[in-house]
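Per my numbering, residue 377 is the first one in the sequence shown, and the count goes up by one each step.
This report refers to the structure that appears directly beneath it.
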Amino acid sequence: MANGVKVAINKNKINEDEQWDGSKGYITNTGLPVEVVYEQYRDLWQIEWAYRITKGILELRPMFHFTQKRIEAHICICFVAYKVYKELERILQTSGIKLSVDKVLDIAKTITTIKVKLPISGETITKTMLLTPIHESIAKLFDENFWKSFRVTHCQSQE
377 MANGVKVAIN
387 KNKINEDEQW
397 DGSKGYITNT
407 GLPVEVVYEQ
417 YRDLWQIEWA
427 YRITKGILEL
437 RPMFHFTQKR
447 IEAHICICFV
457 AYKVYKELER
467 ILQTSGIKLS
477 VDKVLDIAKT
487 ITTIKVKLPI
497 SGETITKTML
507 LTPIHESIAK
517 LFDENFWKSF
527 RVTHCQSQE
């Protein structure tokens, strides 16, 4: 090398360093037991995944609020949206429906409830249109009253 500088690879240092390959280390300033720190970091992927869901799938974006009340309301809305997402995910897993939450939401957008008011009696008939077997499977996950207000199309019968 220039100016008389010599460079050499120290094979002993490389061999010593190899013993740590594949190992993880954690540095913390807490007084928690080692096992607790390890358990918390082991579950870190869930926090990272929650962040991806809120930023990606739920498309939540930063809002510029200037009052404490509005900031707290925004955080609450974000939390509730994530909780609803996770609850739907849990319901899908326990019911054995092997679809993602995103897919179920896309399918649910195609379910329509129709209300028809009969002209003579004035009675209103409500019917949720479940056109496919997957519509039926998704509908069974929820109480029937849930669908009565879902994408309602009003129709009036003509004589």
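Just so it is clear, CB atoms sit at the ideal spot from N, CA and C, and this is done for glycine as well.
Around the beta-carbon of Leu494, fewer than 16 other beta-carbon atoms lie within 10 Å, marking it exposed. Taken through DSSP and simplified to helix, strand or coil, Thr470 comes out as helix. For Lys516, the three-state secondary structure derived from DSSP is coil.
The stretch 509-518 makes contact with the stretch 475-486: 3 or more CB pairs, one atom from each, lie closer than 8 Å. Rounded to the nearest whole angstrom, the C-alpha separation of Asp419 and His511 is 34 Å.
Around the beta-carbon of Leu468, 16 or more other beta-carbon atoms lie within 10 Å, marking it buried. The stretch 429-437 and the stretch 447-457 touch, with three or more beta-carbon pairs separated by less than 8 Å. Nearest neighbour of Glu435 by Cα position, chosen from Phe442, His441 and Ala426, turns out to be Ala426. For Val492, the enclosing beta strand (DSSP E) covers residues Thr488 to Lys493. As summarised for the stretch 392-458, the continuous alpha helix (DSSP H) elements at least 4 residues long and confined to that stretch are 410-418 and 420-428, given in chain order.
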